[in-house]
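Student: If you're matching positions, the sequence shown starts at 3 in this note's numbering and goes up one per residue. Pasting a structure below so you can have a look.
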Amino acid sequence: MSIAMDAACLQCSLRRNIETVQPLGSAEDTMAFARDLMKLYLESPGDVPSTWFTPKIALLLHDRYGLEIDRFRQEKLDSNALVLSHMEDIRQRVMGAEDPVLAGLQYAILGNYLDFSALQGQVSFEKFTQMLDSAGEMQFDMAVFERFCQDLKKGKNLLYLTDNAGEIGFDRIFAEAISAAYPQIEITFCVRGGPTLNDATREDAAAVGIPFRVIDNGNLIPGTQLNELGAEAKQALDEADVILAKGMANVETMLGCGYNIYYAFLVKCQRFVNLFGRPLMTPMLVGEQKES
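This is the structure:
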């Protein structure tokens, strides 16, 4: 279960966090922070994914440099505002498509671009706006998509595990398309339990007007760390007939979990390039059937 942090993830995490703090103090300060970071890795369980470290690193950055725990708050607000400005146009495109569920998924995966952590320093709202016009050309495994639709047709409960702020607005449109096509299915959105990176929280769900039931995962770990879930999220996971999990963090924390789950994301790091054999920024829909 889950994808444990490996040497490549460790190297990436060290590099990215050191780059974050270098402008904030002296070389000696940076080395002291790096030592604390390496101590954190050394004292951790050996089988945890990289996301497990996120709230601990955020606390370390706060204690050493005074960085806000919610340090991506402005990016989240800006992402929500950007998506809201496009939402009605995208809704019309999706609902007017030959297959609204397919079109909704294409835009939902495109929204996974709004990731200020994985794409550190590379997210461009201008580029994102340009990408909207090519969403309908997005390709992924259609056999997996057809199985997803069959599961929706038979299911009664869909649990939608979200990823980033802003992106959650396109998740709303996708879920609305699912609800229109499969009106018997009840949809629950699950967000993070509080501020972590630029991930969606209850505040972001409210900002984009999610019309479905919203719960949170009960913690600050990106993704869905099963042994850290709150009771409400654990119950929703167990009761779901179908689970849609957005973003790489959900893959990292859940791969091999044994639930009837579909992962939808963009490939945004070398570990995932190696894992799935696809180039960076490839859209992915990966299905994992429930264990009998």
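Note that CB positions come from ideal geometry on N, CA and C, so glycine has one too.
If you count every other CB in all the chains shown that lies within 10 Å of the CB of K158, and 16 or more means buried, which is it?
Tutor: By the beta-carbon neighbour count (other beta carbons within 10 angstroms, threshold 16), K158 is exposed.
Student: Provide the residue(s) that pair with G289 in DSSP beta bridges, ordered along the chain.
Tutor: Y264
Student: When we look at the beta-carbon of R37 and count the other beta-carbons within 10 Å, is it buried (16 or more) or exposed?
Tutor: exposed
Student: Three or more beta-carbon pairs under 8 Å between the segment 189-202 and the segment 15-23, yes or no?
Tutor: no
Student: Assuming F130 contacts L116 under a Cβ cut-off of 8 Å, what Cβ separation, rounded to an integer in Å, is found between them?
Tutor: 7 Å
Student: Where does Y162 fall in DSSP's three states?
Tutor: strand
Student: So, at 8 Å on beta carbons, what are the nonlocal neighbours of F147 in its own chain, with the 5 sequence-adjacent residues on each side left out?
Tutor: L104, L107, L287
Student: Whose C-beta lies closer than 7 Å to the C-beta of S52 among residues of the same chain, with five residues either side of it excluded?
Tutor: Closer than 7 Å at the Cβ level, and outside the excluded window around S52, lie M7, C11, S15, E254.
Student: Please classify L163 as buried or exposed, where buried requires at least 16 other C-beta atoms within 10 Å of its C-beta.
Tutor: buried
Student: Assuming V244 is part of the alpha helix (DSSP H), what are its boundary residues?
Tutor: Counting along the chain, V244 falls outside any alpha helix (DSSP H), though it belongs to the beta strand (DSSP E) covering 244-248.
Student: Would a C-beta distance cut-off of 8 Å place G168 and L112 closer than the cut-off?
Tutor: no
Student: Counting only the same chain and skipping the five closest in sequence on each side, list residues whose C-beta sits under 6 Å from that of R174.
Tutor: V210, I212
Student: Taking its Cβ as the centre, do 16 or more other Cβ atoms sit within 10 Å of F176, making it buried, or is it exposed?
Tutor: buried
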